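Asker: In our numbering, the protein residues as written are 57 to 395. All C-beta atoms, glycine included, are put in the ideal place defined by N, C-alpha and C. No experiment lies behind these values; they were computed from the predicted model shown. Starting off with a structure, shown below.
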């Protein structure tokens with residue numbers, strides 16, 4: 057690829073082709089989850105193209121950037137392998153299936169509005185976001201080519217270890233969720249909890265869902281989910297912050313003034329944009345869950361959305377309001393058969 061003028065040229069061209077392709081597939085198939093299916097490997101492809109570009113230009117000023125780029129790309133390959141395995145296990149590559157959030161959202165808005173969401177948010181914005189996750193490698197490449205120290209240092213080792221730890225946390229959270237949901241749906245128990253319509257607003261959205269009493273409150277609240285309502289989402293966001301910190305470390309090691317870093321790419325932009333997507337997606341996820349399982353409102357009064365620090369503040373607020381014991385009993389004590 058020596059003919060490619062810039063490291064991001066091929067990833068950008070790939071993205072410009074992916075946008076009309078995913079949009080067309082959504083129109084033809086009737087489901088819009090095509091970008092979701094590309095999520096586990098698309099950022100890795102873009103990042104790999106940046107690394108290959110740097111390798112082909114290693115005889116120029118880019119040789120010092122390769123060790124750090126290989127660390128970042130290696131972490132992404134581990135991340136991709138885990139996510140791909142989980143996606144296959146969950147059936148994400150059933151081409152007739154669609155993410156349940158899209159299915160529910162279709163029911164809430166007019167058809168024309170959903171089509172606008174399809175083209176602008178799903179088909180355009182999400183591929184651009186996945187492309188942008190390669191920008192930290194681009195920034196690292198450029199920031200690692202100036203100054204007296206361009207090799208790896210102890211901070212890079214710390215970032216590799218923390219990156220692997222975050223992937224492991226995602227694995228633990230997703231595995232716990234999968235095991236819980238699989239066991240709940242496979243249960244043959246006849247002792248069923250049936251939330252009444254008076255316990256939740258059932259006029260819009262999903263109706264209250266029944267579940268085996270042994271799986272109270274209908275959603276997982278144990279393991280990592282005792283400290284975070286979405287530990288997998290938290291680890292995913294932090295993983296891409298971790299990637300960004302490699303670029304920060306490259307800038308610090310190269311002695312480039314911080315006010316000049318933006319010349320080498322919007323370093324924190326991609327992980328910030330990813331967090332915005334997760335916040336909006338999580339809002340919809342929790343809205344759906346709270347309609348199906350009324351106890352979710354109490355769970356939100358005990359556990360923070362992403363980080364354990366949030367849980368401390370949420371529980372403190374519940375204590376101040378005098379409702380912590382009420383919430384705790386609602387979440388962790390199944391109702392009696394007579395209720």
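Cα separation between residue 103 and residue 121?
Answerer: Within the chain shown, residue 103 is the residue found at index 47, counting from 1. Within the chain shown, residue 121 is the residue found at index 65, counting from 1. Their backbone Cα atoms lie some 14 Å apart in a straight line.
Asker: Between residue 209 and residue 220, what straight-line distance do the alpha-carbon atoms span, to the nearest angstrom?
Answerer: Against the chain shown, residue 209 aligns to sequence position 153. Against the chain shown, residue 220 aligns to sequence position 164. Cα-Cα distance, rounded: 17 Å.
Asker: Under three-state DSSP, which class holds residue 349?
Answerer: What you label residue 349 is simply residue 293 of the chain shown in a count that begins at 1. Residue 349: coil per DSSP, three-state reduction.
Asker: If we count the other Cβ atoms within 10 Å of its Cβ and call it buried at 16 or more, is residue 71 buried or exposed?
Answerer: In the chain shown, counting from the first residue as 1, residue 71 sits at position 15. Buried: at least 16 other Cβ atoms inside 10 Å.
Asker: Compute the beta-carbon to beta-carbon distance between residue 380 and residue 374, rounded to the nearest angstrom, for a pair I have assumed lies under 8 Å.
Answerer: As a working note, residue 380 is residue 324 in the chain shown. As a working note, residue 374 is residue 318 in the chain shown. Confirmed, about 4 Å.
Asker: Measure the alpha-carbon distance for residue 82 versus residue 126 and round it to whole angstroms.
Answerer: As a position in the chain shown, residue 82 is number 26, starting the count at 1. As a position in the chain shown, residue 126 is number 70, starting the count at 1. Rounded to the nearest angstrom, the two C-alpha atoms are 35 Å apart.
Asker: Under the DSSP definition of a beta bridge, which residues are partnered with residue 268?
Answerer: As a first step, residue 268 is located in the chain shown; it is residue number 212 there, counting from the start. DSSP lists 248 as partners of residue 268.
Asker: Tell me whether the segment 156-169 and the segment 298-312 touch, counting them as touching only if at least three CB pairs, one residue from each stretch, are closer than 8 Å.
Answerer: Cβ pair count under 8 Å is below three, so no.
Asker: For residue 388, which of helix, strand or coil comes out of DSSP?
Answerer: For this step, residue 388 is matched to residue 332 along the chain shown. Helix, per DSSP.
Asker: Can you check which of these residues, 392, 359, 365, 88, is closest to residue 383 by C-alpha distance?
Answerer: Mapped onto the chain shown, residue 383 falls at position 327. Cα-wise, what sits closest to residue 383 is 359.
Asker: Tell me the DSSP secondary structure of residue 152 in three-state form.
Answerer: Walking along the chain shown from the start, residue 152 turns up at place 96. Three-state DSSP puts residue 152 in coil, outside helix and strand.
Asker: In this structure, does DSSP put residue 303 in helix, strand or coil?
Answerer: Locating residue 303 in the chain shown gives position 247, where the first residue counts as 1. It is helical.
Asker: Ordered along the chain, which non-local residues of its own chain (more than five positions away) have a Cβ less than 6 Å from that of residue 107?
Answerer: In the chain shown, residue 107 corresponds to position 51, counting from 1. Result list for residue 107: 125, 129, in chain order.
Asker: Could you tell me whether the Cβ atoms of residue 229 and residue 288 are closer together than 9 Å?
Answerer: Position 173 of the chain shown, counted from the first residue, corresponds to residue 229. Position 232 of the chain shown, counted from the first residue, corresponds to residue 288. In this structure, residue 288 lies closer than 9 Å to residue 229 by Cβ.
Asker: Among the candidates 182, 191, 215, whose CA atom is the shortest distance from the CA of residue 336?
Answerer: Locating residue 336 in the chain shown gives position 280, where the first residue counts as 1. Of the candidates 182, 191, 215, the one whose C-alpha sits nearest the C-alpha of residue 336 is 182.
Asker: Quick check on residue 366: does DSSP put it in helix, strand or coil?
Answerer: As a working mapping, residue 366 is identified with position 310 in the chain shown. Of the three classes helix, strand and coil, the one that applies to residue 366 here is helix, per DSSP.
Asker: Any contact between the segment 75-94 and the segment 177-194? By contact I mean 3 or more CB pairs, one from each, below 8 Å.
Answerer: These segments touch.
Asker: Rounded to a whole number of angstroms, what is the C-alpha to C-alpha distance between residue 138 and residue 162?
Answerer: Taking the first residue of the chain shown as position 1, residue 138 is located at position 82. Taking the first residue of the chain shown as position 1, residue 162 is located at position 106. Each residue's Cα considered, the two are about 30 Å apart.
Asker: Indicate whether the contact test is met: 3 or more Cβ pairs, each with one atom in the segment 84-95 and one in the segment 188-201, closer than 8 Å.
Answerer: These segments do not touch.
Asker: Exposed or buried, residue 330, counting other C-beta atoms within 10 Å across all chains shown (16 or more means buried)?
Answerer: Taking the chain shown and counting its residues from 1, one reaches residue 330 at position 274. With 16 or more Cβ atoms within 10 Å of its Cβ, residue 330 is classed as buried.
Asker: Here's the rule I'm using: 16 or more other beta-carbon atoms within 10 Å means buried, otherwise exposed. How should residue 302 be labelled?
Answerer: As a working mapping, residue 302 is identified with position 246 in the chain shown. The residue is buried, with at least 16 neighbouring Cβ atoms inside 10 Å.
Asker: Among 226, 173, 237, whose alpha-carbon lies nearest the alpha-carbon of residue 273?
Answerer: On the chain shown, residue 273 is found 217 positions in, with the first residue counted as 1. Checking every option, the nearest Cα to that of residue 273 belongs to 237.
Asker: Identify every run of the alpha helix (DSSP H) within the segment 176-216, keeping only runs that are complete inside it and at least 4 residues long; order them along the chain.
Answerer: Entirely contained in the segment 176-216, the alpha helix (DSSP H) runs reaching 4 residues are, in chain order, 182-188, 191-199.
Asker: Tell me, to the nearest whole angstrom, how far the beta carbon of residue 226 is from that of residue 309; I am working on the premise that it is less than 8 Å.
Answerer: As a first step, residue 226 is located in the chain shown; it is residue number 170 there, counting from the start. As a first step, residue 309 is located in the chain shown; it is residue number 253 there, counting from the start. About 28 Å; that fails the 8 Å criterion.
Asker: Expressed to the nearest angstrom, what Euclidean distance is found between the alpha-carbon atoms of residue 313 and residue 200?
Answerer: Within the chain shown, the letter at position 257 stands for residue 313. Within the chain shown, the letter at position 144 stands for residue 200. Distance between the alpha carbons of residue 313 and residue 200: 13 Å.
Asker: Is residue 377 helix, strand or coil when you go by DSSP?
Answerer: Taking the chain shown and counting its residues from 1, the one referred to as residue 377 is at position 321. Residue 377: coil per DSSP, three-state reduction.
Asker: Could you check what DSSP says for residue 288 in three-state terms: helix, strand or coil?
Answerer: Within the chain shown, residue 288 is the residue found at index 232, counting from 1. Correct three-state label for residue 288: helix.
Asker: In whole angstroms, what is the alpha-carbon distance linking residue 245 and residue 347?
Answerer: Here residue 245 is taken as the residue at index 189 of the chain shown, counted from 1. Here residue 347 is taken as the residue at index 291 of the chain shown, counted from 1. Looking at the two C-alpha atoms, the distance is approximately 23 Å.
Asker: Out of 284, 149, 333, which has the shortest C-alpha to C-alpha gap to residue 356?
Answerer: Against the chain shown, residue 356 aligns to sequence position 300. Among 284, 149, 333, the Cα nearest to that of residue 356 is on 284.
Asker: Give the DSSP-derived three-state secondary structure of residue 227 in the structure shown.
Answerer: Along the chain shown, read from residue 1 onward, the residue named residue 227 stands at position 171. In this structure, residue 227 counts as helix in the three-state DSSP scheme.
Asker: Classify residue 236 as helix, strand or coil using the three-state DSSP reduction.
Answerer: Stepping through the chain shown from its first residue, residue 236 is reached at position 180. DSSP places residue 236 in helix when its eight states are reduced to three.
Asker: Look up residue 62 in the DSSP assignment and say whether it is helix, strand or coil.
Answerer: Position 6 of the chain shown holds residue 62. It is coil, neither helix nor strand.
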